Amino acid sequence: MQTVAVINQKGGTGKTTTAVNLAAAFAQRGFWTLLVDLDPQSSAAYCLGLDPAREEKTLAKAILEDRPLVEAIRPSGIEGIEVVLGGPELATLELRIKNPLTAVRVLARLLDPVKPAYDLCVLDAPPSLSLMFTNALTAADGLLVPVTPSFLSAKGLESLMTTIDEARADLQVNPALLGLVLTMVDRRLGLDKEVEANLRQVFGEQVLRQAIRLTVRLKEAPGHFRSIFAHAPGSSGAEDYDALAVEVLGRMKLPERAPALAEPAAAD
Ligand SMILES: Nc1ncnc2c1ncn2[C@@H]1O[C@H](COP(=O)(O)OP(=O)(O)OP(=O)(O)O)[C@@H](O)[C@H]1O
Ligand SMILES: [Mg+2]
């Protein structure tokens, strides 16, 4: 199993949308995928129509009660994906965790025994430099950073890159930067085009070729508890996330598999 963490300490850059739909794209391409929600806001869970507050078995409980993660794995409602819900207790984990010394690697330790059961694991990280963010860095083989084409977003990247470098040195981990992915891009806007060009100039190959265009279909899908492939298979969002999955698989050096048939649903 290879683990991809979708991270950015900045809020609202498309992390959850990317984690859910990239996991769905991996699954469609035949990769058995585990999605893990690391955000106490539980957005990924809500996208799937699940309520972590009602769940007995969550990541937070596995950590706090030292239970095996396998107990918290459940169906996601999306074919080919299973999910671990984070749970609201993730918000206060720092204060409640029993062993602070091993806390920065607890996710990696919990994931270890389930590795043989999956091809890929996607981590939806919170928009903060919290314990779960650090755990995303220590558990991940690769990092994917969604970034919106705005000036402030581009500025935030500088501090994120420093944080990643510091984590590599301090925690002795070495997740690969799979890439920065531009999200919510509206190429009709001069500003979006300008920021995109600038990011590509500054970060070069680190910016993935495939960007995710702005589309209301991606905003609607969570309300129907569906991936973009089930909600609007003909939409630009479905096209973009499938192409992103192919590019990310290439960067992880995972051999491509044939795409499965999309589930029937309303077109764009
Ligand atoms: N390509 C897109 N087109 C249109 N809307 C989008 C797109 N990507 C994400 N959104 C919407 O933007 C909002 C923020 O996206 P999302 O929740 O994925 O960001 P996030 O980085 O996970 O946020 P947070 O930092 O709060 O966890 C959501 O309402 C989502 O539906
Ligand atoms: Mg999110």
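Counting from 1 along the sequence shown, just add 15 to a position and that's the residue number in our numbering. In this text, a Cβ means the ideal position worked out from N, Cα and C, and glycines have one as well. Note that the coordinates shown come from a computational prediction; the quantities given were computed from them, not determined experimentally.
Please classify residue i as buried or exposed, where buried requires at least 16 other C-beta atoms within 10 Å of its C-beta.
i, result
"Ser-174", "exposed"
"Gln-187", "exposed"
"Asn-213", "exposed"
"Val-121", "buried"
"Pro-248", "buried"
"Val-231", "exposed"
"Ala-60", "buried"
"Pro-270", "exposed"
Put residue i into one of helix, strand or coil per three-state DSSP.
i, result
"Ile-227", "coil"
"Glu-271", "coil"
"Thr-18", "strand"
"Asp-52", "strand"
"Leu-259", "helix"
"Glu-104", "helix"
"Leu-65", "coil"
"Gly-157", "strand"
"Ala-191", "strand"
"Glu-70", "coil"
"Ile-78", "helix"
"Asp-139", "strand"
"Arg-44", "coil"
Say yes only if the C-beta of residue i is nearer than 7 Å to one or more non-hydrogen atoms of ligand 1, and no if none qualify.
i, result
"Gly-29", "yes"
"Ser-91", "no"
"Gly-102", "no"
"Ile-243", "no"
"Asp-54", "yes"
"Leu-223", "no"
"Gly-252", "yes"
Just to check, is the beta-carbon of residue i closer than 7 Å to a non-hydrogen atom of ligand 2?
i, result
"Asp-180", "no"
"Ser-58", "yes"
"Asp-207", "no"
"Asp-201", "no"
"Asp-139", "yes"
Could you check which residue in the options has the C-alpha nearest to that of residue i?
i, options, result
"Ser-145", "Ala-34, Pro-270, Ile-22 and Leu-204", "Ile-22"
"Pro-90", "Asp-54, Val-98 and Leu-50", "Val-98"
"Gly-157", "Ala-169, Ala-140, Pro-164 and Ser-168", "Ala-140"
"Pro-128", "Ile-93, Leu-84, Met-147 and Thr-107", "Leu-84"
"Glu-71", "Leu-100, Asp-54 and Gln-56", "Leu-100"
"Ile-93", "Thr-33, Ile-179, Leu-159 and Ala-42", "Ala-42"
message: Give the list of continuous alpha helix (DSSP H) stretches no shorter than 4 residues that lie fully inside the stretch 194–254.
response: 205–218, 231–235 and 243–246
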